[in-house]
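Enquirer: Numbering (the working numbering), first residue to last: 205 to 277.
C-beta atoms are modelled at their ideal positions from N, C-alpha and C, and glycine is treated no differently.
Here the structure is a predicted model, which is why all the values come from computation and not from measurement.
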Amino acid sequence: AYASPANLCITPMQDVLELDSAHRMNTPGTKSGNWQWRFTKNMLSQGFHKIEMLADFSRIYGRSTVEPEESVA
205 AYASPANLCI TPMQDVLELD SAHRMNTPGT KSGNWQWRFT KNMLSQGFHK
255 IEMLADFSRI YGRSTVEPEE SVA
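In structure tokens, the structure reads:
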């Protein structure tokens, strides 16, 4: 998705955090219970290294307007 020529790139949090099917956003063919999933702060902190990976992809594919901070040795 990041290499796509599209203006926007959408990455589902369930994919980023490698969550199982219990964390689906919706289930095709069902009338209720869809679009209610939310991620928790705990999920985000556990997957922080993966969030950093998305930032790297954004820079690599020119989707970021923020330059990485230089580390001071």
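1. For W241, which option in Q218, Y265 and A210 has the closest C-alpha, if you only look at C-alpha atoms?
2. For G251 and L212, I'd like the C-alpha separation in whole angstroms.
3. Taking C-alpha atoms, which residue in R263, H227, I214 and K245 lies nearest to W239?
4. Within its chain, find whatever has a CB closer than 6 Å to the CB of A205; leave out the 5 residues flanking it on each side and keep chain order.
Expert: On the basis of the coordinates in this document:
1. Within the sequence shown, residue 241 is the residue found at index 37, counting from 1. Considering only alpha carbons, the answer is Q218.
2. Residue numbering aside, residue 251 sits at position 47 when the sequence shown is read from its first letter. Residue numbering aside, residue 212 sits at position 8 when the sequence shown is read from its first letter. Those two C-alpha atoms are separated by around 23 Å.
3. As a first step, residue 239 is located in the sequence shown; it is residue number 35 there, counting from the start. Cα-wise, what sits closest to W239 is H227.
4. Mapped onto the sequence shown, residue 205 falls at position 1. If we look at A205 and ignore the five residues flanking it on each side, its Cβ neighbours are C213.
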